[in-house]
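The next block holds one structure in the form of structure tokens; read it before the comments.
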Amino acid sequence: MHQIPHWVNGQTLTAKESVLPVYSPADGKIIAEVSVAAEATVNQAVSAANAALSTWALTTPSQRASILFRFKTLLDEHIDELAAIVTREHGKFLMEAKGSVQRGIDVVNQVCGMPQMLSGRYLAKVSTDIDSYSLRQPVGVCLGITPFNFPAMIPLWMFPLAIACGNTFILKPSEKDPSCALKLAELAKEAGVPDGVVNVVNGDHTTVDLLLKHPGLQAVSFVGSSTVAEKIYHTAITHHKRAQTFGGAKNHAVVMPDADIKNAADVIVQAAYGSSGERCMAISVVVAVGDHTADKLVEAMQPLIQSFKVSPLITEAHRERVRDYIRSGKEEGAVLVLDQETTASLAEKPGFHLGACLFDHVKSHMKIYREEIFGPVLCVMRVNTKEEAIHLVNEHEYGNGTAIFTRDGYTANWFAANVQAGMVGINVPVPVPVAQHSFGGWKRSSFSDTSMFGPDAIHFFTKLKTVTERWMPEGVK
Ligand code: NAD
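Going by this note's numbering, the residue at position 151 of the sequence shown is 140; the numbering climbs one at a time, nothing skipped.
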């Protein structure tokens, strides 16, 4: 069986450690085993990243940007290969996989402008003979811990930006689909990133615990579920590390009576069931304003859902979890309008497939509404006014993304101004910000003051220094 190694100091590293199986979700077979880094490997990676830091931090932003530009070109050239790895280990279809790698490359493209983005402020003559300027300097060795659902995109949202700021990096990818991270590290080396600047340490929560407590790391960026995000935030802070941790989601789409229902149905179905709902920006709740809107929308969505090809889930255990939610929804009295799970002949199909389900008349006390399902299950809720709709969104514990579908500009602006969520779509179902902005949710979707990529991430991956200087002519005191 192929054993997926670590990547330390510019080369693969295999140690005598325990391993975990890596599955192909499409057929359920074990396709590889991934190493679980023990203390010796963690120490080796942290030493390599620290050894590389002093030289790398002294390179100019332009030198680093040139290397990143070569990295971006290599990513373009290898996009099909990267997408194939995503599909093999994650299960999402090739088109979606390629789209996700592209969203990662977009951030690398933006990072090539780092020499300009790192500029500080200069104030001349803040007092007599005194000038003042600020600069942003690297934080040190940074750690990225990433989830299974975007094994190329989320690492690409982290380490290129961190190293462009002059830091070195250790990436701990998800143990469920770790191969992309190694390919990215190989390409980074080919682009000219010096050994030790980007390292990949594979493993599970035991590896994360070792890394978080290590004194040789200065910052931690995490993406995953909220329970873990909260724990990692507090552990990192306790160990004197800068931390930003992003968690789960329950993204609501509010559909107003004046919306273009055909279009809303079309894009909501894509946003709910694409990548089998395993997206932190997936729409998992529709809040229809008025019974008439709800009836029309449910009617329009049904044939689209029935013909939607759903990709497999990540593991058998996760499929069981999603099935539990479907059972719970039925028990709690939600109306299961479409139950592809039992009607489709999935039983004979190998792999972790699950049919798309649609619940209507979902109420706010139900478990399928309160918790993140992370599967191909969409909940429809019915309210009478836009105020009731926004109240629902704002009361939910998650606040990652949300969307409103309407033809009325005033309602759209009112919603954007008053909704408690970090990313808002207006007639756009999955409002992932482009690379020029930053990505991050509110409430239990994020435990941080800064967001991922864009201007916010530059603040996270650099320390601010302000210099006040006084120069006088010879002989003047
Ligand atoms: P997860 O929390 O199980 O794992 C994420 C990472 O943390 C992995 O690398 C894993 O090895 C590690 N980990 C898991 N349990 C740990 C523990 N107890 N202690 C320390 N480390 C631990 O998440 P997942 O299942 O891989 O990903 C799905 C989750 O990620 C969903 O909740 C989804 O909403 C969320 N997500 C959020 C965003 C966002 O930007 N907010 C983006 C993508 C995914």
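Quick reminder that beta carbons are idealized off the backbone N, C-alpha and C, glycines included.
Values in this document were obtained by computation on a predicted structure and should not be read as measured data.
| Can you pull the DSSP bridge partners for Y122? | Y111 and V456
| Can D445 be considered in contact with the ligand NAD, in the sense that its beta carbon sits closer than 7 Å to one or more heavy atoms? | no
| query | Cβ of N138 versus every heavy atom of the ligand NAD: is any distance shorter than 7 Å? | reply | yes
| said: My output table needs one value for D397: the three-state DSSP class, helix, strand or coil. | reply: coil
| task | Take the Cβ of M(-10) as the centre, count every other Cβ of all protein chains shown within 10 Å, and call the residue buried at 16 or more, exposed below. | result | exposed
| For N240, the residue or residues it bridges with in DSSP | I272
| task | Would you kindly work out how many angstroms separate the C-alpha atoms of Q233 and H281, rounded to a whole number? | result | 43 Å
| message | Given 7 Å as the limit, tell me if D438 has its C-beta closer than that to any heavy atom belonging to the ligand NAD. | response | Every heavy atom of the ligand NAD is 7 Å or more from the Cβ of D438, so no.
| field | W(-4) and V189 closer than 8 Å at C-beta | value | yes
| said: Applying the 10 Å Cβ sphere with the 16-neighbour rule, what's the burial state of H223? | reply: exposed
| request: With a floor of 3 residues, list each beta strand (DSSP E) that falls wholly inside the stretch 281 to 361, ordered by position along the chain. | output: 324 to 328 and 346 to 349
| With 16 as the cutoff for other CB atoms within 10 Å, does M349 come out buried or exposed? | According to the sequence shown, residue 349 is Asp rather than Met. By the neighbour-count criterion, in which a residue is buried when 16 or more other Cβ atoms sit within 10 angstroms of its Cβ, D349 is buried.
| request: Taking 8 Å as the cut-off, decide whether the C-beta atoms of A180 and I56 are in contact. | output: yes
| field | Endpoints, the alpha helix (DSSP H) within which P462 is located | value | Neither: P462 is in no alpha helix (DSSP H) and is coded neither H nor E.
| query | Ordered along the chain, which non-local residues of its own chain (more than five positions away) have a Cβ less than 8 Å from that of A113? | reply | D120
| Just curious, the alpha helix (DSSP H) that T44 is in, first and last residue? | It spans E28 to L47 - the alpha helix (DSSP H) in which T44 sits, taken as one unbroken run.
| Buried/exposed call for G464, threshold 16 Cβ in 10 Å | exposed
| field | Sub-8 Å separation of I134 and G213 beta-carbons | value | Going by C-beta atoms, I134 is nearer than 8 Å to G213.
| field | Per-residue burial, P468 [other beta carbons within 10 Å of its own, 16 or more giving buried] | value | Here the chain covers residues -10 to 466 and nothing more, so residue 468 does not appear.
| task | Enumerate in chain order the residues of its own chain whose CB-to-CB distance from S435 is below 6 Å, with the five nearest sequence positions on each side excluded. | result | F235 and G429
| said: Any heavy atom of the ligand NAD inside 7 Å of the beta-carbon of H281? | reply: Outside the cutoff, so no.
| message | Please state the DSSP three-state secondary structure of F428. | response | strand
| Tell me, which residues are paired with V372 by DSSP? | Answer by DSSP bridge pairing, in chain order: V278.
| field | For S13, the nearest candidate out of F60, P292, F82 and L327 (CA to CA) | value | Of the listed residues, the one whose Cα sits closest to S13 is F82.
| query | Based on the DSSP secondary-structure assignment, which residues constitute the bridge partners of I159? | reply | L132 and N188
| said: Beta-carbon within less than 7 Å of T374's beta-carbon, same chain only, minus the 5 sequence neighbours each way: which residues are those? | reply: V278
| Are there 16 or more other CB atoms within 10 angstroms of the CB of W460, so buried, or fewer, so exposed? | With fewer than 16 other beta carbons inside 10 angstroms of its own, W460 counts as exposed.
| said: Using 8 Å for Cβ pairs, my map puts D118 next to E164. What's the rounded Cβ distance? | reply: So it is not a contact: roughly 59 Å between Cβ atoms.
| Can you name, in chain order, every residue of its own chain whose Cβ lies under 6 Å from the Cβ of I226, other than the five neighbours on each side? | A232
| task | Helix, strand or coil for T439, going by three-state DSSP, please let me know. | result | coil
| said: For the stretch 342 to 360 against the stretch 293 to 301, do three or more pairs of beta-carbon atoms, one drawn from each stretch, fall closer than 8 Å, so that the two count as touching? | reply: yes
| task | Pull up the CB-CB distance for A141 and L71, whole angstroms please, since I reckon it's below 8 Å. | result | 5 Å
| Straight-line gap, I(-7) to T195 (C-alpha atoms, nearest Å) | 17 Å
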